[in-house]
Each structure stands twice: as C-alpha cells, then as structure tokens.
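The sequence shown maps to residues -20 to -1, 1 to 184 in mature numbering (1 follows the signal peptide of the UniProt record, and there is no 0). By construction, the Cβ of each residue, glycine as well, lies at the ideal position given by its N, Cα and C atoms.
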Amino acid sequence: MAVLILFLLISLTYILTIHACPKCGSMDVPYPLSTNNNCGNRNYSVYCNNGTLEFLSAAGFYYQILSINPSAYKLIIRPPAIQKSTCQSSDLALGGLRLDENSPFNISSHNTVMLLNCSETILLSPLNCSSNSLCRQFEEKVEGGSSCRDALCCTYLKDASMTSHRIRVRVGGCTAYTSVVYLKPGDSIDSWHYGIELQWLPPN
Ligand SMILES: *[C@@H]1O[C@H](CO)[C@@H](O)[C@H](O)[C@H]1NC(C)=O
Ligand SMILES: *[C@@H]1O[C@H](CO)[C@@H](O)[C@H](O)[C@H]1NC(C)=O
Ligand SMILES: *[C@@H]1O[C@H](CO)[C@@H](O)[C@H](O)[C@H]1NC(C)=O
Ligand SMILES: *[C@@H]1O[C@H](CO)[C@@H](O)[C@H](O)[C@H]1NC(C)=O
Ligand SMILES: *[C@@H]1O[C@H](CO)[C@@H](O)[C@H](O)[C@H]1NC(C)=O
C-alpha cells in the first residue's frame, strides 16, 4: 500500500513538474500547454516570445495569453489592437481570429464580441446593432475604439449556436472587433475585462 501511494505521488510529481513547461516571463505554463518538445503536450502548443506567452491562430497571428485556468481548461487571450487612425484590427489582413477545426481549442461562450465599422449587410444577421448597443459605449469611451465611431457596430454574445472557431473581420464587412469576457448586464464599462476566452478539450 505504502509503495503504491509512493508510486502515485511520484507519478503525480512527474506529471506536474516534469511535464509542465518552464515559466514564460512571469507566467506559469501549466500542463498540457507546451512551449517546446520537452514539456507539455504538443497538441497544445503555445509560444514564449521574449518572455510573453502567446497563442498562434490557424491564420498565423500571435495573440498574447493574459491568463490561464488549467483546472477549467480555459485561457484568455488579448483581443488584437485596433489601429488608432483606421479602425482596423491588427489581424484584419488574416480575416480575424480563426482556430483550426481539428485543434483541441475553441472559443468559449463567455465572450461578448463587438464588431466595429461594419457594412450595412451585417444588419441581416441576428446581432444587436442598435444605437444603444454596447459597442457604442466602447467607441465613445475607450481610446482604442474612437477611430471606429460614426460607422455601424454590433454586439453579440458568442454562444453555442455560433461557430466556435472564428471571429471574422474583413474589408467590406466589419473591419475591427474587440471582446469582453464574463460581461454581466449592468456592468459599467470601467469594469469590463477585455479578452477572448478559449477552452480546450483535455488530453485523454
Ligand atoms: C495529438 O492529436 C492527435 C490527433 O487528434 C492524436 O492522434 C495524438 O495522439 C495526440 N498526441 C498526443 C501526445 O496527445
Ligand atoms: C524583449 O523584452 C524586453 C523587456 O520586456 C524589451 O525591452 C525588448 O525590447 C524585447 N525585445 C524584442 C526583440 O522584442
Ligand atoms: C441591444 O443592446 C442594448 C444594450 O445592452 C439593449 O438595451 C437593447 O435592448 C438591445 N437591443 C436589442 C434589439 O436586443
Ligand atoms: C471602415 O471600413 C471600410 C471598408 O469596409 C474602410 O474603407 C473604411 O476606411 C473604414 N473606416 C475607418 C474609419 O477606418
Ligand atoms: C468546444 O470545446 C469544448 C471543450 O473542449 C467542448 O465541450 C465543446 O463541445 C466545443 N464546442 C464546439 C461548438 O465545438
């Protein structure tokens, strides 16, 4: 019995320490996330670029990882910057955020997405594009949103009925976006947490 417990403890320590990757900057890299071939699970690759932990989209854009909750299989990435003068997300040329359908990651249902500088065709979709939509507050109160004022914008909660692998922007559609995680009705704009929450299917 004692031997078995010792064995289990050693196995656990092995999984927790040997298999977890070293810190990236000040950030822990918990299993199964992997920054190199010697740790974690390579199906959960992330990148440590000069002390900043980053997630690489299928389109080839690096998003900074802001926080990780390994026990809930979730992490939050930073929405791409919006260029101050042009209302364009920095991943616009790549079509926005796109995850590989076969990857273990998808976009969770806790993201309130705001699409900015949209063309009229967006009105056909079931989004909240009214003049009191939350994206208006973003444009009016947040510095990054100011370049997007005076154009159509829409807000939606990315829920299970929508594709969970994509937040799409394009020229002629919407050219910028941001996202707020765990937004509750009535939250003031000063308490918004900008981020895009991803969840992963744990390894077997
Ligand atoms: C990675 O994913 C592939 C395809 O889903 C699977 O066959 C393989 O066993 C996985 N590798 C690890 C180390 O989990
Ligand atoms: C790496 O990070 C340091 C400290 O944050 C910064 O001063 C430096 O410019 C960065 N180097 C590159 C190549 O980004
Ligand atoms: C759009 O969002 C605003 C702000 O949350 C809300 O007051 C309004 O009722 C919503 N409109 C529609 C059509 O859902
Ligand atoms: C909004 O998007 C259109 C293309 O869809 C672009 O021509 C225009 O410059 C954008 N507006 C701003 C303020 O960047
Ligand atoms: C997203 O991932 C979670 C956890 O891996 C899974 O339970 C859920 O079914 C996935 N959702 C979609 C729409 O693929």
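Residue i Cβ short of 7 angstroms to ligand 1 heavy atom set
i, result
"P10", "no"
"N16", "no"
"P50", "no"
"N23", "yes"
"P165", "no"
"P59", "no"
"P183", "yes"
Distance cut-off 7 angstroms: residue i Cβ against heavy atoms of ligand 5
i, result
"L132", "no"
Distance cut-off 7 angstroms: residue i Cβ against heavy atoms of ligand 6
i, result
"N91", "Absence of ligand 6 from the depicted structure is noted, with ligand 1, ligand 2, ligand 3, ligand 4 and ligand 5 being the only ligands included."
Nearest candidate by alpha-carbon position, reference residue i, set the options
i, options, result
"C154", "T92, C133, F35, E120", "C133"
"Y174", "P165, V160, G166, W180", "V160"
"P50", "N91, L178, Y11, A131", "Y11"
"V151", "L72, G125, G5", "L72"
"S37", "S47, G20, R58, N21", "R58"
"S70", "F85, L13, Q44", "Q44"
"K76", "S25, Y42, L107", "The identity of residue 76 in the sequence shown is Gly, whereas the question assumes Lys. Here the closest residue by C-alpha is Y42."
"G124", "P182, V26, P60, E81", "P60"
"T143", "D80, Y162, C109", "D80"
"W180", "N16, A39, I48, S168", "I48"
"H(-2)", "N184, N16, R146", "N16"
"V93", "P183, N23, A131, Y162", "Y162"
"L33", "S6, N21, S141, A39", "S6"
"D8", "I169, N21, C28", "C28"
"G31", "N23, L46, R78, Y24", "L46"
"E119", "N21, R146, L95, K54", "L95"
"N21", "C67, S83, K64", "S83"
"P106", "S141, Q117, K121, S126", "S141"
"S65", "P183, E100, G166, S126", "S126"
"P182", "I147, F85, I56", "F85"
Burial state of residue i (16 or more Cβ within 10 Å)
i, result
"N97", "buried"
"A52", "exposed"
"L103", "exposed"
"S14", "buried"
"T135", "buried"
"I169", "exposed"
Near ligand 4: residue i beta-carbon under 7 angstroms from a heavy atom
i, result
"V151", "yes"
"S126", "no"
"T155", "yes"
"N97", "yes"
"T101", "no"
"C67", "yes"
Supposed contact pair residue j and residue i - C-beta distance, whole angstroms, cut 8 angstroms
i, j, result
"N112", "E177", "Contact doesn't hold; Cβ gap of about 25 angstroms is too wide."
"C19", "C1", "4 angstroms"
"P158", "I62", "Checking the sequence shown, residue 158 turns out to be Thr, not Pro. Right, their Cβ atoms sit about 7 angstroms apart."
"C115", "A156", "Actually they are not in contact, since the Cβ atoms of C115 and A156 sit about 10 angstroms apart, beyond 8 angstroms."
"S89", "K138", "6 angstroms"
"A131", "L74", "With 8 angstroms as the limit, A131 and L74 do not qualify as a contact, their Cβ atoms being about 21 angstroms apart."
Heavy atom of ligand 3 within 7 angstroms of residue i beta-carbon
i, result
"L114", "yes"
"S141", "no"
"S168", "no"
"S110", "yes"
- Message: Which residues neighbour ligand 5 when neighbourhood means a C-beta less than 5 angstroms away from any of its non-hydrogen atoms? List them by chain order.
- Response: N86, S144, Q179, L181
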